[in-house]
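Data block below; observations after.
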Amino acid sequence: MVDEDLLGKGYDPIALASVVRPKVSEIINGEEYRRYFRFRGGRWYGGIATGDVIGCNLRCGFCWAWYFRDDYTRGELLSPRDSWRRLYRIASKRRYKLVRLSGGEPTLTRDHVLKVAELARRAGMVFVLETNGILIGNDRSYARDLAELGNVFVRVSFKGVTPQEFFRLTGARPEFFELQFQALRNLISEGMEPGKEVIAAAMISFSDDEDIARFVLKLTEIDERLARVDWEVVFMYPHVKEVLRRSGLKPKRFVNPEKIPDEMV
Ligand code: SF4
Numbered sequence: 008m009v010d011e012d013l014l015g016k017g018y019d020p021i022a023l024a025s026v027v028r029p030k031v032s033e034i035i036n037g038e039e040y041r042r043y044f045r046f047r048g049g050r051w052y053g054g055i056a057t058g059d060v061i062g063c064n065l066r067c068g069f070c071w072a073w074y075f076r077d078d079y080t081r082g083e084l085l086s087p088r089d090s091w092r093r094l095y096r097i098a099s100k101r102r103y104k105l106v107r108l109s110g111g112e113p114t115l116t117r118d119h120v121l122k123v124a125e126l127a128r129r130a131g132m133v134f135v136l137e138t139n140g141i142l143i144g145n146d147r148s149y150a151r152d153l154a155e156l157g158n159v160f161v162r163v164s165f166k167g168v169t170p171q172e173f174f175r176l177t178g179a180r181p182e183f184f185e186l187q188f189q190a191l192r193n194l195i196s197e198g199m200e201p202g203k204e205v206i207a208a209a210m211i212s213f214s215d216d217e218d219i220a221r222f223v224l225k226l227t228e229i230d231e232r233l234a235r236v237d238w239e240v241v242f243m244y245p246h247v248k249e250v251l252r253r254s255g256l257k258p259k260r261f262v263n264p265e266k267i268p269d270e271m272v
């Protein structure tokens, strides 16, 4: 249920995607270029090359990428092939089998994402798409295009576990929370295997225990294999503390980065 007094407030993240897209992409010689902040390697997923894109259709008050997310003058505008080359260079040097797009919201530039994933497929690599899922939930054909590639793993990251919390964390209208569930339904309906090719993740730093339990129940109503959720909590790096201070959000659960063992960094 959505609180009546929240309805009608907040922004529309589909409309915001249309506003942000032209600021972070360009069609050059028929190809969709996307603005990137940086490329990096890392130990997530057991070792993965990552391209962090600029631009998002949400405005999460805990966003670790806030310092580059909306800065449309930073970074570089790259073709899918240029992006792939950078990912591949990192992956081959470090013997990774996975590449991903992360940072802001990769799905804003559909052709670009699909082409990078296709290049990864040709190289025999898995392409991990980290997304808030809103655009995939809004358009089933997007899910179809991703599923058809056969090498894509989609991690749909929920912003909170209820519509009210989604509104509080993102500022987007609460009814759009449902599109994150719809993204999972669309991907599964198009043939992606829950728990293996598509998973749910959720930011629970600000969530009540009971709401978390109800959220898992809702996921299992879609498919029992979605019960294994990738739980997210904020890492209290200085730039995250700063964005939390600005948004006024107070986490109930968080990780102190100073306590992470060296071998995990
Ligand atoms: S969806 Fe991700 S990138 Fe976008 S504002 Fe939220 S945390 Fe940041």
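The C-terminal position of the sequence shown is numbered 272 in this note's numbering, with every residue numbered one higher than the one before it.
Just so you know, even glycine gets a beta-carbon here, dropped at the ideal spot from N, CA and C.
In whole angstroms, give me the CA-to-CA distance for residue i and residue j.
i: Q171; j: S90; result: 37 Å
i: L23; j: K16; result: 14 Å
i: F213; j: G167; result: 7 Å
i: R28; j: N64; result: 9 Å
i: V60; j: D230; result: 31 Å
i: D237; j: S148; result: 25 Å
i: E11; j: F188; result: At E11 the pLDDT is 46, less than 50, meaning the model places this residue with poor confidence and gives no usable figure here.
i: G178; j: T57; result: 27 Å
i: S86; j: L108; result: 14 Å
i: L113; j: K266; result: The question names Leu, but residue 113 is Pro in the sequence shown. Distance between the alpha carbons of P113 and K266 is about 31 Å.
i: G53; j: V106; result: 11 Å
Under the three-state reduction of DSSP, which class applies to residue i: helix, strand or coil?
i: A124; result: helix
i: L65; result: coil
i: L136; result: strand
i: D19; result: coil
i: I206; result: strand
i: L256; result: coil
i: D89; result: helix
i: V26; result: helix
i: F44; result: strand
i: L13; result: A caution first: L13 carries a pLDDT of 43, below 50, which makes its placement in the model unreliable, though a value can still be read off. Helix at L13.
i: G49; result: strand
Closer than 6 Å to a non-hydrogen atom of the ligand SF4 - does that hold for the CB of residue i?
i: N139; result: yes
i: A4; result: Residue 4 lies beyond the stretch modelled for the chain, which goes from 8 to 272, so this question has no answer here.
i: G178; result: no
i: A72; result: yes
i: G255; result: no
Please confirm whether residue i has its beta-carbon closer than 7 Å to some beta-carbon of chain B.
i: E125; result: Here chain B cannot be found, since the structure has a single protein chain.
Subject >> Touch test, the stretch 62 to 78 against the stretch 259 to 269, Cβ-Cβ under 8 Å, three pairs minimum >> reply: The stretch 62 to 78 is not in contact with the stretch 259 to 269.
Subject >> the stretch 215 to 223 contacting the stretch 246 to 253, beta-carbon criterion three pairs below 8 Å >> reply: No: the two stretches stay apart, fewer than three of their Cβ pairs being nearer than 8 Å.
Original post:
Taking contact to mean at least 3 C-beta pairs separated by less than 8 Å, is the stretch 148 to 167 in contact with the stretch 123 to 138?
Top reply: Three or more Cβ pairs drawn from the stretch 148 to 167 and the stretch 123 to 138 lie within less than 8 Å of each other, which places the two stretches in contact.
Subject >> Inter-stretch contact at 8 Å, needing at least 3 Cβ pairs: the stretch 125 to 145 / the stretch 77 to 84 >> reply: Verdict: no, contact absent.
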